[in-house]
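Chemist: Pasting a structure here, questions to come.
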Amino acid sequence: MAPSPLARRLSAALLGLLLCLSGCAAPPVRVEPPELSAFAPVSTAVQVAVADLRPEVDPAQLGVIRTTMGIPRTVRLAGEREVAAGLAESLAAGLNAANLRAEVVPYQPPGSEPPASVAPVGSGARRLQLVIDELWSDGYFGELSVKFALRLHVLDGAGQLLARAERRAKPVTPYGGSEDYSDVVGAHLRAALSALLERPQIRAALGGAPPPPEDRAPDAPPEEPAACAQCGEPRQPGWRHCPQCGSALR
412 MAPSPLARRL SAALLGLLLC LSGCAAPPVR VEPPELSAFA PVSTAVQVAV ADLRPEVDPA
472 QLGVIRTTMG IPRTVRLAGE REVAAGLAES LAAGLNAANL RAEVVPYQPP GSEPPASVAP
532 VGSGARRLQL VIDELWSDGY FGELSVKFAL RLHVLDGAGQ LLARAERRAK PVTPYGGSED
592 YSDVVGAHLR AALSALLERP QIRAALGGAP PPPEDRAPDA PPEEPAACAQ CGEPRQPGWR
652 HCPQCGSALR
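Here the sequence shown stands for residues 412 to 661, where the numbers follow my numbering.
Below is the structure:
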């Protein structure tokens with residue numbers, strides 16, 4: 412049974428009191444590697460880079476959690492790492508687990524020369540670049556919002572853009588009891604990265620294109636899209652319209 416609104420508020424109040432009693436230290440956020448369908452075992456090499464373009468934001472800060480008095484406490488990744496570095500490591504780990512060979516490299520603006528320390532991308536390799544335009548969490552009295560705007564690009568060895576995808580959302584999630592707010596933030600980020608990497612155009616550019624329709628069994632039922640084509644919100648059975656952007660789901 413989900414906790415009642417009163418129980419969530421009491422849990423949030425207790426969390427705020429505990430934060431202050433412990434020196435106002437906010438538990439760190441851990442972003443688990445995105446959960447991906449396995450790619451064909453072709454061992455494609457992928458260089459992963461992340462750029463944090465959030466204006467006037469500490470690159471190591473994910474947001475705040477507020478005490479019962481509304482006092483904000485800084486939320487950071489585990490290990491006090493910068494957000495870009497933490498997400499790059501998470502992306503690379505997810506790709507490696509899905510049969511690709513991924514390594515983290517410094518972000519390279521489009522059209523610029525790569526740093527001397529970065530090995531050239533081979534003709535069959537790929538470069539995956541995530542751009543963080545917006546990312547901020549704010550929790551108070553049992554509700555947590557995680558606002559983000561992410562862009563994902565896949566480039567070939569010559570630096571040509573092969574595919575792109577975007578994801579923007581501001582989910583508001585109740586938290587309290589045993590479900591710590593840091594777990595909720597990490598879960599939202601993992602879901603966003605998973606949704607971006609599972610876009611058909613991204614998978615195709617990384618070497619994991621789905622089989623053509625003629626290769627499917629003749630009696631196989633038509634497949635429903637797994638996510639909204641406009642914003643990437645994961646689809647649930649019975650949905651006719653996306654609750655995030657309002658687009659009709661076909």
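Every residue, glycine too, gets a C-beta built ideally from N, C-alpha and C.
From the DSSP output, read off the bridge partner residues of GLY474.
Modeler: Answer is VAL486, SER548, bridged to GLY474.
Chemist: Can you give me the C-alpha to C-alpha distance between ARG578 and VAL542, rounded to a whole angstrom?
Modeler: Between ARG578 and VAL542, the C-alpha separation is close to 11 Å.
Chemist: My understanding is that VAL583 touches GLU554, with C-beta atoms under 8 Å, so please give their C-beta distance in whole angstroms.
Modeler: Right, their Cβ atoms sit about 6 Å apart.
Chemist: Just mark ASP463 as buried or exposed, buried being the case when its beta carbon has 16 or more other beta carbons within 10 Å.
Modeler: Looking at its Cβ environment, which holds 16 or more other Cβ atoms inside 10 Å, ASP463 is buried.
Chemist: Can you tell me which of LEU511, ILE476, LEU546 puts its alpha carbon nearest to the alpha carbon of PRO466?
Modeler: Ranking the options by Cα distance to PRO466, first place goes to LEU546.
Chemist: Taking all protein chains shown into account, do 16 or more other C-beta atoms lie within 10 angstroms of the C-beta of GLU500, making it buried, or fewer, making it exposed?
Modeler: The residue is buried, with at least 16 neighbouring Cβ atoms inside 10 Å.
Chemist: Assuming VAL557 contacts GLU514 (C-beta within less than 8 Å), just tell me the rounded distance between them.
Modeler: About 28 Å separates the two Cβ atoms, so there is no contact after all.
Chemist: Does VAL402 come out as helix, strand or coil in the three-state DSSP assignment?
Modeler: An answer regarding residue 402 cannot be provided, because it is not within the stretch 412 to 661 covered by the chain.
Chemist: Buried or exposed for ILE613, please, with buried defined as at least 16 other CB atoms from any protein chain shown within 10 angstroms of its CB.
Modeler: Result: buried.
Chemist: Closest to GLY474 by CA distance: which of LEU617, ARG575, SER548 is it?
Modeler: Looking at the Cα atoms, SER548 is the closest of the given residues.
Chemist: Where ALA628 and ALA615 are concerned, what is the direct C-alpha to C-alpha distance, given to the nearest angstrom?
Modeler: Unreliable placement is indicated for ALA628, whose pLDDT of 37 sits below 50; the coordinate value is still reported in the next sentence. Answer to the nearest angstrom: the Cα atoms are 21 Å apart.
Chemist: Helix, strand or coil: how does DSSP classify VAL596 here?
Modeler: Three-state result, VAL596: helix.
Chemist: Compare the Cα-Cα distances from ASN510 to each of LEU539, ALA456, PRO452 and report the closest residue.
Modeler: Checked all of LEU539, ALA456, PRO452; the closest Cα to ASN510 is PRO452.
Chemist: Tell me where the alpha helix (DSSP H) around ARG670 begins and ends.
Modeler: Residue 670 falls outside the range modelled here, since the chain spans only 412 to 661, and no answer is possible.
Chemist: Let me confirm a value: SER593 is counted as buried when at least 16 other C-beta atoms fall within 10 Å, else exposed. Which label applies?
Modeler: Result: buried.
Chemist: Between ALA576, ALA569, ALA456, LEU563, which lies nearest to LEU506 when the distance is taken from Cα to Cα?
Modeler: Among ALA576, ALA569, ALA456, LEU563, the Cα nearest to that of LEU506 is on ALA456.
Chemist: What does the alpha-carbon distance come out to for the pair ARG477 and VAL461?
Modeler: Looking at the two C-alpha atoms, the distance is approximately 28 Å.
Chemist: Can you tell me the Cα-Cα spacing of ALA437 and ASP591, whole angstroms?
Modeler: The straight-line gap from Cα to Cα measures roughly 11 Å.
Chemist: By the DSSP assignment, the beta strand (DSSP E) with LEU502 in it spans what residues?
Modeler: No beta strand (DSSP E) holds LEU502; the alpha helix (DSSP H) holding it covers 494-508.
Chemist: LEU600 to ALA449, Cα distance in whole Å?
Modeler: Each residue's alpha carbon lies about 20 Å from the other.
Chemist: I think LEU502 touches VAL440, with their Cβ atoms under 8 Å apart; what is that distance to the nearest whole Å?
Modeler: About 16 Å; that fails the 8 Å criterion.
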